[in-house]
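The next block holds one structure in the form of structure tokens; read it before the comments.
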Amino acid sequence: MRQPEKHILVIFGASGDLTYRKLVPSVFDLFTQKLLPENFGILGLGRTELSDDQFREKMKEGIEKFAGTINTKQDMVEEFLSKLFYYAFNTKEEKEYPDFKKHLESLNNKLKTENNYIFYLATPPSMYPLVPKFLANNQLNDESNGFKRLIVEKPFGYDLESARSLNHDLQNQFREEQIYRIDHYLGKETVQNLLVTRFSNGIFEPLWNRNFIDHVEITSAEDIGVGDRGGYYEDSGALRDMVQNHLMLLASLVAMEPPALIKDESIRNEIVKVMQSLRPIPEEKVPEFVIRGQYIGSEIRGKKQKGYREEKGVNPKSRTETFVAMKFFIDNWRWAGVPFYIRTGKSLPTRVTEIVIHFRPTPHHLFHGDKDIMKQKNQLVIRIQPDEGILLKFGMKLPGAGFNVQDVNMDFHYSELNDTYLPSAYERLLLDCMLGDATLYSRADAVEAAWEFVDPILKAWKNQPCIKVHGYPAGTWGPDVSDQLIEGEQTWRYPCKNLVGDGEYCEL
Ligand code: BG6
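Under the working numbering, think of the first position of the sequence shown as 1, with each following residue one higher.
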């Protein structure tokens with residue numbers, strides 16, 4: 001394993017939740033696996049006044065709660081904490097940047113990190129255009145004396161226009177190769193495994209096209225509501241929060257052509273080609289292709305569940321969608337005519353993300369059996385989380401007289417790989433950025449292409465208030481009408497916590 005060059009990771013928004021829950025615990029995990037360079041430091045920035053020691057104390061708590069390797073590496077916490085520093089300043093004020101720069105340079109001299117910096121924007125999105133500008137005005141984009149990289153969190157833009165303008169602003173200050181737009185889904189082991197499943201197994205490629213695949217279904221469900229993120233979510237909604245980024249990315253990985261190489265621009269080029277082949281959904285056709293819903297209060301096993309409008313920070317008359325189901329097509333040689341279905345929502349029955357490839361049935365039904373089973377097609381389920389694994393469903397002869405067919409499962413679970421540590425998405429992505437590898441980060445053109453696709457949907461919802469926001473009781477699989485999206489006699493798969501189970505009322 002290559003080790004990154006010496007550097008400082010500078011986190012804007014270091015007193016926030018992301019730093020506490022994800023960033024610092026993930027860097028700790030890199031440290032315990034000896035994947036960090038000897039000369040390394042984290043400099044947290046924020047408006048809250050904190051000493052280095054207070055910052056370390058807070059991060060220690062985060063590490064103890066969230067780091068993946070904490071149970072076995074408790075003894076390394078203190079050594080890691082000594083690499084953490086904090087500097088309080090108002091990052092909105094350009095005049096404060098020269099002092100910040102001096103502070104950074106003195107830390108750089110102390111740690112001997114050769115002016116290599118990664119700037120991580122874990123701030124509210126309104127700061128995304130500002131910070132890079134202020135950094136650039138203070139020559140902190142200048143790579144002549146060491147690398148300068150910029151990681152930008154989601155949401156990247158609010159719609160197509162704002163995403164373009166943000167790209168434009170960032171690219172004015174930093175070269176595209178210095179900009180790392182994070183989509184943590186691409187950092188998930190099981191998402192990367194999708195590429196390995198497709199491109200390292202000879203059996204799938206011949207079947208992976210319109211001749212053998214009937215339709216593709218992608219579900220990303222969460223069993224919790226928006227909790228205390230109501231303020232953010234009100235302006236976002238499920239389409240911006242999950243579909244434009246994570247789910248379009250999953251669809252692209254399912255649909256993309258084999259890349260020439262598993263690195264550099266090859267994968268990113270193929271992802272963009274898929275995004276550019278998405279058949280646009282015109283504003284007037286949106287209700288035909290996209291269903292939006294919002295969870296309403298309910299009772300599950302005697303326990304009252306909040307409706308979205310009762311959540312903190314949410315307008316009691318809000319029309320923000322917490323559920324989206326949609327159908328779309330990818331107009332290219334491989335996928336012409338194959339419907340893709342995507343479904344995501346908060347307060348659904350279980351937390352699950354999975355991709356289901358539904359194969360076409362045999363051309364002629366030779367065997368008789370239960371009518372429902374006869375309708376069943378082979379399915380390949382790629383489970384991203386939880387119970388990560390792969391499941392193939394196919395027909396087998398029911399023992400006994402005659403030729404009756406029964407649907408059976410062939411499954412593999414990651415948990416069967418003993419002693420295999422699954423690194424977190426942030427761990428993988430942070431390491432890649434440290435190594436200067438942007439393969440698993442989103443490129444400007446891909447982000448814009450995804451926005452171009454969802455933009456007419458956002459516009460239709462805004463301009464045509466008659467398009468319904470369907471209520472669904474918290475803890476159910478979203479509005480019933482989303483079933484009507486699926487062509488023919490099929491329905492969505494109703495996944496359970498465990499990969500092999502399914503059924504609308506299965507044990508959750
Ligand atoms: C984030 C969204 O990007 O992804 C959240 O903002 C969502 O609303 C989360 O809960 C889901 O991520 P994961 O890794 O838990 O599937």
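Cβ coordinates follow ideal geometry from the N, Cα and C atoms, glycine included.
Going by the CB atoms, is the gap between P339 and F329 shorter than 9 Å?
Indexing the sequence shown from 1 puts residue 329 at position 329. Indexing the sequence shown from 1 puts residue 339 at position 339. Taking 9 Å as the Cβ cut-off, F329 and P339 qualify as a contacting pair.
How would you label M256, buried or exposed, when you count the other beta carbons within 10 angstroms and need 16 or more for buried?
Position 256 of the sequence shown, counted from the start, is the residue given in the question as residue 256. Label assigned to M256: buried.
By a C-beta neighbour count over all protein chains shown, 10 Å radius and 16 as the cutoff for buried, is R181 buried or exposed?
To locate residue 181, count along the sequence shown from 1; it is residue 181. R181 comes out buried.
Looking only at its chain, what residues have a beta carbon closer than 6 Å to the beta carbon of K594, apart from the 5 residues adjacent to it on each side?
Outside the shown range of the chain, which is 1 to 508, sits residue 594, and nothing can be said about it.
So, with DSSP's three-state summary, where would you put M248?
Along the sequence shown, read from residue 1 onward, the residue named residue 248 stands at position 248. If DSSP states are grouped into helix, strand and coil, M248 belongs with the helices.
Measure the Cβ-Cβ separation of F147 and Q178 and say whether it is below 9 Å.
Stepping through the sequence shown from its first residue, residue 147 is reached at position 147. Stepping through the sequence shown from its first residue, residue 178 is reached at position 178. In contact: F147 and Q178 (Cβ atoms closer than 9 Å).
Beta strand (DSSP E) containing V196: first to last residue?
Along the sequence shown, read from residue 1 onward, the residue named residue 196 stands at position 196. No beta strand (DSSP E) contains V196, which is instead part of the alpha helix (DSSP H) from E189 to F199.
Taking 9 Å as the threshold (C-beta atoms), are L35 and G13 in contact?
Within the sequence shown, numbered from 1, the residue matching residue 13 stands at position 13. Within the sequence shown, numbered from 1, the residue matching residue 35 stands at position 35. Result no, Cβ atoms of G13 and L35 do not sit closer than 9 Å.
Any contact of the stretch 382-389 with the stretch 338-355, i.e. 3+ C-beta pairs under 8 Å?
As far as the Cβ criterion goes, the stretch 382-389 touches the stretch 338-355, which means the pair count is three or higher.
Could you tell me the boundaries of the beta strand (DSSP E) in which I151 lies?
In the sequence shown, counting from the first residue as 1, residue 151 sits at position 151. That run of the beta strand (DSSP E) goes K148 to V152.
Would you check if there are 3 or more beta carbon pairs closer than 8 Å linking the stretch 2-21 to the stretch 114-128?
A contact exists between the stretch 2-21 and the stretch 114-128.
If you run the structure through DSSP and keep just helix, strand and coil, what is Q379?
As a position in the sequence shown, residue 379 is number 379, starting the count at 1. Of the three classes helix, strand and coil, the one that applies to Q379 here is strand, per DSSP.
Please classify R493 as buried or exposed, where buried requires at least 16 neighbouring CB atoms within 10 angstroms.
Locating residue 493 in the sequence shown gives position 493, where the first residue counts as 1. Per the 10 Å Cβ criterion, buried.
Using alpha carbons as the reference points, say which of L23, L111, K101 and F100 lies closest to M37.
Translated into positions along the sequence shown, residue 37 becomes position 37. The residue asked about is misnamed: residue 37 is Pro in this sequence, not Met. For P37, the nearest C-alpha among the options comes from L111.
For E354, name the three-state secondary structure that DSSP assigns.
Here residue 354 refers to the residue found at position 354 of the sequence shown. Strand at E354.
The beta strand (DSSP E) with A221 in it runs from where to where?
To locate residue 221, count along the sequence shown from 1; it is residue 221. A221 -> beta strand (DSSP E) spans I213 to A221.
When you compare the CB positions of E189 and P465, do they come within less than 9 Å of one another, or not?
In the sequence shown, the residue the question calls residue 189 occupies position 189. In the sequence shown, the residue the question calls residue 465 occupies position 465. No, these two residues do not count as a Cβ contact at 9 Å.
Identify, in the order they occur along the chain, each residue of the same chain with its Cβ nearer than 7 Å to the Cβ of E452, setting aside the five sequence neighbours on each side.
By one-based count along the sequence shown, residue 452 stands at place 452. Once the five neighbours on either side are set aside, the close Cβ partners of E452 are L160.
With C-beta atoms as the reference, is K312 less than 9 Å away from G187?
If you number the sequence shown from 1, residue 312 lands on position 312. If you number the sequence shown from 1, residue 187 lands on position 187. Going by C-beta atoms, K312 is not nearer than 9 Å to G187.
Do L43 and F85 come within 9 Å of each other at the CB atom, strictly closer than that value?
The residue given as residue 85 occupies position 85 in the sequence shown. The residue given as residue 43 occupies position 43 in the sequence shown. Going by C-beta atoms, F85 is nearer than 9 Å to L43.
Would the beta-carbon of A136 be found less than 8 Å away from any heavy atom of the ligand BG6?
Counting from 1 along the sequence shown, the entry for residue 136 is found at position 136. Incorrect: A136 has no Cβ contact closer than 8 Å to the ligand BG6.
Decide if I267 is buried, meaning its Cβ has at least 16 other Cβ atoms within 10 Å, or exposed.
For the purposes of this step, residue 267 is taken as residue 267 along the sequence shown, with counting starting at 1. So I267 counts as buried.
If you compare alpha carbons, which of Y308, G302, E283 and K303 is closest to Q294?
Taking the first residue of the sequence shown as 1, we reach residue 294 at position 294. Out of Y308, G302, E283 and K303, Y308 has the C-alpha closest to the C-alpha of Q294.
Where H365 and I467 are concerned, what is the direct C-alpha to C-alpha distance, given to the nearest angstrom?
On the sequence shown, residue 365 is found 365 positions in, with the first residue counted as 1. On the sequence shown, residue 467 is found 467 positions in, with the first residue counted as 1. Roughly 41 Å separates the two Cα atoms.
With DSSP as the reference, identify every bridge partner of S442, one or two as the case may be.
Residue numbering aside, residue 442 sits at position 442 when the sequence shown is read from its first letter. Its beta-bridge partners are R181.
Short check: CB of D29 to CB of G62, under 9 Å?
Taking the sequence shown and counting its residues from 1, one reaches residue 29 at position 29. Taking the sequence shown and counting its residues from 1, one reaches residue 62 at position 62. No; because the gap between Cβ atoms is not below 9 Å, this pair is not in contact.
Which of the three DSSP states, helix, strand or coil, is assigned to N108?
Here residue 108 refers to the residue found at position 108 of the sequence shown. It is helical.
So, Y517 versus D183, is the Cβ gap smaller than 9 Å?
Summary: the structure shown does not reach residue 517, with the chain confined to residues 1 through 508, and so no result is reported for it.
Would you list the residues sitting across from I118 in a DSSP beta bridge?
As a working mapping, residue 118 is identified with position 118 in the sequence shown. The partner list for I118 (beta bridge, DSSP) reads L9 and R149.
Are V191 and L261 touching if we call contact CB-CB under 9 Å?
Numbered from 1 along the sequence shown, position 191 holds the residue referred to as residue 191. Numbered from 1 along the sequence shown, position 261 holds the residue referred to as residue 261. Against a cut-off of 9 Å, the Cβ pair of L261 and V191 comes out as no contact.
Ordered along the chain, which non-local residues of its own chain (more than five positions away) have a Cβ less than 8 Å from that of E284?
By 1-based counting over the sequence shown, the position of residue 284 is 284. Closer than 8 Å at Cβ, skipping near neighbours: A460.
Use the C-beta contact count for G337: other C-beta atoms within 10 angstroms, 16 or more gives buried, fewer gives exposed.
Start at 1 with the first residue of the sequence shown, and residue 337 comes out as number 337. That one is exposed.
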